[in-house]
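A.B. asks: Below is a structure I'd like to ask you about.
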Amino acid sequence: MNRAPDRTAIRRRRVIAALMIVGAALAIFAVVVSAGVQSNSRPSAQGRLPNNPGAESGAAKRTLARGSYRGSVPILMYHVIKAPAPGVAYPELWAPPATFRATIAALAQAGYRGVTMAQVWAAWHGGEGLPVKPIVISFDDGYLSHFVTARPILKQVGWPGVLNLEGKNIGPGGLTISQVNGLISDRWEIGAHSMTHPDLTAVSSTQLQREVAGSRALLERVFQVPVTTFCYPAGKNDASVRAAVKAAGYSNATTVAPGVAAPTDRRLVRLISVTAAPSGRFSRYSAPADVNHYSSHASRQRRSRQRRSSP
């Protein structure tokens, strides 16, 4: 008679896999930061979130990590924090909660501290510095799982997230105003991700203005917070789009490309997304709107669709 799989063993394998992916992804960044930094806290069990002294209660939970570091910063990209259903479109954009929790636990145990893109940009331009091992955890579009699942996991370690929010995802089917305000109360940063997620390189100048400048105006009006980061839908951008982003007053804009952000590149970076599928390991640069850079996200999506349609 076949025995049922051991749930503990399955959970252990998932955690080990997440640790291996995170370790590989951050190998480049580890060379940049101080190799001698060690945590004084006792290691937590695999996959469990360590207790963060800076996330105990009250104002401590809402304090952003600071320091004197001004070097390279990895930025992880996420979409839906939920296991993909069979046959769902783009399963690589879905991250099971257990994988996400294990990833955050591994990073926290390795000494990383969550920061916002605004913090990184400020540190690189004469503002307050960062902790010695900073990392940005970013989320695209605005899904319920960002509030229901990602928020408590990040809150347990005292980290903020960066929500790149589409205008159309405010309300039913996305996140309510109250839920977004809840994220803001935990010091999450809100970035704009257009109004309707079109290919900005293919829209009229009128729609481009509405999607880029309009999304910033909407978010700042509704949530009463500064919005200085823009996220190109599907990473697509050209000279006209970058000019529109710059004219709208954003300080930086993210697209999809491999690498780790370095001040000398004038870039913030979204490094990878640890998801259910290896193909979900995306990278993202964030550069000033007038800097020429490329996007690989759209080409990957095309290749994915071609593979699915092949016999």
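For the sequence shown, the working numbering begins at 20 and goes up steadily by one. Here a beta-carbon is modelled for each residue, glycine too, at the ideal position from N, C-alpha and C. Being a predicted model, the structure only gives us computed values, none of them experimental.
1) Over what stretch of residues does the beta strand (DSSP E) that includes F249 continue unbroken?
2) Name the two residues that bound the continuous alpha helix (DSSP H) containing A272.
3) Which same chain residues end up closer than 6 Å to R303 when comparing Cβ atoms and leaving out the 5 residues on each side of it in sequence?
4) What number of angstroms, rounded off, separates the C-alpha of Y269 from the C-alpha of V246?
5) With a threshold of 16 other CB atoms inside 10 Å of the CB of D218, please say whether the residue is buried or exposed.
6) In chain order, what residues of the same chain have a beta carbon less than 6 Å from the beta carbon of T168, not counting five sequence neighbours either side?
7) In angstroms with no decimal places, state the Cα-to-Cα distance between D160 and I172.
8) Please confirm whether F249 and G210 have their CB atoms less than 9 Å apart.
9) Among R89, V134, L112, which one has its Cα closest to the Cα of L83?
10) Mind reading off the beta-carbon distance from S157 to G180? Whole number of angstroms is fine, and I expect it under 8 Å.
11) Going by DSSP, what residue range makes up the alpha helix (DSSP H) through V264?
12) In or out: S164 buried (at least 16 other Cβ within 10 Å) or exposed?
13) Apart from the five residues just before and just after R89, which ones in its own chain have a Cβ nearer than 8 Å to its Cβ?
C.D. replies: According to the structure shown:
1) Unbroken beta strand (DSSP E) run through F249: 248-250.
2) It is not in any alpha helix (DSSP H) - A272 instead sits in the beta strand (DSSP E) that spans 271-273.
3) Bear in mind that a pLDDT of 43 at R303, under 50, signals an unreliable position, so the model cannot answer this.
4) Between Y269 and V246, the C-alpha separation is close to 7 Å.
5) Here D218 is exposed: its Cβ has fewer than 16 other Cβ atoms, across all protein chains shown, within 10 Å.
6) Spatial neighbours of T168 in its own chain (CB-CB distance under 6 Å, excluding positions within 5 residues in sequence) are listed in chain order as I100, P116.
7) One alpha carbon belongs to D160, the other to I172, and they sit about 19 Å apart.
8) The criterion of a C-beta distance shorter than 9 Å is satisfied by F249 and G210.
9) Closest by C-alpha distance to L83, out of R89, V134, L112, is V134.
10) Sure, about 7 Å apart at Cβ, within 8 Å.
11) From DSSP, the alpha helix (DSSP H) with V264 extends over 258-266.
12) In this structure S164 is buried. Its beta-carbon is surrounded by 16 or more other beta-carbon atoms within 10 angstroms.
13) Hits under 8 Å: A142, W143, G148, L149, P282.
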